[in-house]
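Trainee: In the numbering used here, the protein residues as written are 7 to 356.
Glycine included, each C-beta is placed from N, C-alpha and C at the ideal position.
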Amino acid sequence: MKTQFQYKLLKEIDLDDHFFDSLRQDYDGFDAWYRRKADEGRQAFVLYRDQRLQAFIFIKSEINQLIDDVEPPIAPCRLLKVGTLKIEAHQTKLGERALKIIFDQALSYRFEKIYLTTFPKHKQLIQLLEAYGFQMYGRKNDEVVLIKMMNSSRGDIKLDYPRFSLDRRAFLLSVKPEYHTRLFPDSILNNEQAHSKELIQDCSHTNSIRKVYISWNKEVTTLKRGDLLAIYRMSDLQAPAHYRSVVTSICTVTSVLEKSHWHSCEDFLKDVYPYSVFSKEELTHFFGRQNFYVIHMLYNCALPGRVTRKSLIEEAGMDGQLRWGFLPLANEQFKYILSKGNVSKGFIID
């Protein structure tokens, strides 16, 4: 059964769950704080696996408030505080999914900064946060304070994630519907009017940040780190392709590797399986076939609005006579996709 985050009232979450034991040990009065927030009707993002709590994210806005319980103080701004973030140990992909929720919320509601506090002993969490752009800021008693700036760029696609620069090459990458559903399950195709905030709350958190796509098209080897991909879901043949083939998502390329990069199937599985939607049996089958190419990418955002093949031809000037497996996009065509897809300007680095 696929696991996904849920947004639940605190009073609906069992505080006696052993998941919270470490938080009780780290923070005096944790239970009292939790019950107080539950009485206020507050909610949190949680994930269960086999009916066991695996992740808990509690966030709150602190808008135009001076944060003076940390050193140095944080000046008033649109600030998103991650009050509690706990992921069961050794769950790297789950940690990335949690970060995606936090980033999506920050961009959806136009927060300028995100901050949290944690104890130095949580080295794996700190490493994950720093990998995606959080920086050490200061202290709060025995805890360190980390901040991510949402309105500035550090010139690195991972540190700037989920934001991306338009000063990059862009391409259209087609994905068959049966693979698209598994790779991008949060891309809603049957509701053109879905509001971005609803999209985030309802389903974007089912996805991880890193994606792996396997292609047999040699042309993808022209891709370079930092190139942008408009993910194009091919028609499922239930209606004319003009309406059923749509751009659904934006990704950023981190690397492209050929089959020859791996000396054995075991090495291939070790590298690709943790970030792929495919089973080990499927990947083993792929490895036994002819040469292929593995695109590693960061999943930046889903498009709240539908961008159909029809609109791409009639309004963006794309050639309908070409085969749309993998195509370069002119800068204006990519901008059209972002605009037509109602992508929040917060995702774009000026």
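1) Once the 5 residues before and after F353 are set aside, which same chain residues still bring their CB inside 7 Å of it?
2) For V52 and K14, I'd like the C-alpha separation in whole angstroms.
3) I think L304 touches R216, with their Cβ atoms under 8 Å apart; what is that distance to the nearest whole Å?
4) First and last residue of the beta strand (DSSP E) that includes R312?
5) On a CA-only basis, which of F332, S266 and L318 is nearest S294? Give me that one, please.
6) What does T227 pair with, by DSSP beta-bridge criteria?
7) Using a threshold of 7 Å, state whether the C-beta atoms of S251 and M240 are closer than that.
8) Check whether the Cβ of A336 lies closer than 6 Å to any heavy atom of the ligand HEM, and answer yes or no.
9) Output needed for F292: all residues of its chain with C-beta closer than 7 Å, excluding positions within five of it in sequence on either side, in chain order.
10) I need the DSSP call for V278, collapsed to helix, strand or coil.
11) Classify F284 as helix, strand or coil using the three-state DSSP reduction.
12) Just to confirm my understanding: we take A44, look at its own chain, exclude 5 residues before and 5 after, and list those with CB closer than 6 Å. What are they?
13) At the level of alpha carbons, what is the spacing between S210 and I107?
14) So what does DSSP say about P183, is it helix, strand or coil?
15) Check whether the Cβ atoms of Y138 and V151 lie closer than 7 Å to each other.
16) Between S282, H186, I63 and I80, which lies nearest to F109 when the distance is taken from Cα to Cα?
17) So, helix, strand or coil for Q111, using DSSP?
18) Where do the ends of the beta strand (DSSP E) carrying Q141 lie?
19) Tell me the DSSP secondary structure of C257 in three-state form.
20) Report all residues from its chain with a CB closer than 8 Å to the CB of H302; omit the five preceding and five following residues, and keep chain order.
21) Going by the beta-carbon positions, is the gap between D23 and L59 smaller than 7 Å?
22) Provide the residue(s) that pair with S171 in DSSP beta bridges, ordered along the chain.
23) Would you call the segment 176 to 191 in contact with the segment 151 to 160, where contact means no fewer than 3 C-beta pairs closer than 8 Å?
24) E149 and T123 look like a contact to me (Cβ under 8 Å); what is the Cβ gap, rounded to whole Å?
25) If you count every other CB in all the chains shown that lies within 10 Å of the CB of G47, and 16 or more means buried, which is it?
26) Can you tell me whether R116 is buried or exposed? The criterion is at least 16 other CB atoms within 10 Å of its CB, across all chains shown.
27) Taking Cβ positions, are F190 and P334 nearer each other than 7 Å?
28) Straight-line CA distance for V226 to R174?
29) Please list the terminal residues of the continuous alpha helix (DSSP H) segment that includes E338.
30) Can the beta-carbon of G323 be found less than 7 Å from the beta-carbon of N348?
Mentor: By the coordinates alone:
1) These residues qualify, in order along the chain: L113, P168, R169, F170, N306 and C307.
2) When the Cα atoms are used, V52 and K14 turn out to be separated by approximately 7 Å.
3) Contact annotation, L304 with R216: C-beta distance approximately 6 Å; criterion of less than 8 Å satisfied.
4) It spans Y299 to T314 - the beta strand (DSSP E) in which R312 sits, taken as one unbroken run.
5) Note that residue 294 is Gly in the sequence shown here, rather than Ser. Comparing C-alpha distances from G294 to each of F332, S266 and L318 shows the shortest one belongs to S266.
6) Its beta-bridge partners do not exist; DSSP assigns none.
7) Result yes, Cβ atoms of S251 and M240 sit closer than 7 Å.
8) As for the ligand HEM, it is missing from this structure, which has no ligand bound.
9) Same-chain partners within the cutoff: I220 and F298.
10) V278 carries a helical assignment under DSSP once its states are collapsed to helix, strand and coil.
11) Correct three-state label for F284: coil.
12) Excluding its 5 nearest sequence neighbours in each direction, A44 has C-beta neighbours in its own chain below 6 Å: L16 and K17, listed in chain order.
13) Any answer about S210 is weak, because its pLDDT of 35 lies below 50 and its placement is not dependable; what the coordinates show is given next. If I take the Cα positions, the gap works out to 7 Å.
14) P183 sits in a helix when the DSSP states are folded into three classes.
15) Cβ atoms of Y138 and V151: not closer than 7 Å.
16) For F109, the closest alpha carbon among the candidates S282, H186, I63 and I80 is that of I63.
17) Here Q111 sits in helix by DSSP.
18) Q141 -> beta strand (DSSP E) spans Q141 to K146.
19) If DSSP states are grouped into helix, strand and coil, C257 belongs with the strands.
20) Hits under 8 Å: R216, K217, V218, V259, T260, S261, V262, L263 and Y281.
21) In this structure, L59 lies closer than 7 Å to D23 by Cβ.
22) Per DSSP, the beta bridge partners of S171 are I355.
23) Result no; under three Cβ-Cβ pairs closer than 8 Å.
24) The C-beta distance from E149 to T123 rounds to 4 Å, short enough to meet the 8 Å contact threshold.
25) Flag for G47 reads exposed.
26) Flag for R116 reads exposed.
27) No, these two residues do not count as a Cβ contact at 7 Å.
28) V226 and R174 have their C-alpha atoms some 16 Å from each other.
29) Following the DSSP letters along the chain, one finds E338 inside the alpha helix (DSSP H) bounded by residues N337 to K346.
30) Not closer than 7 Å, so no.
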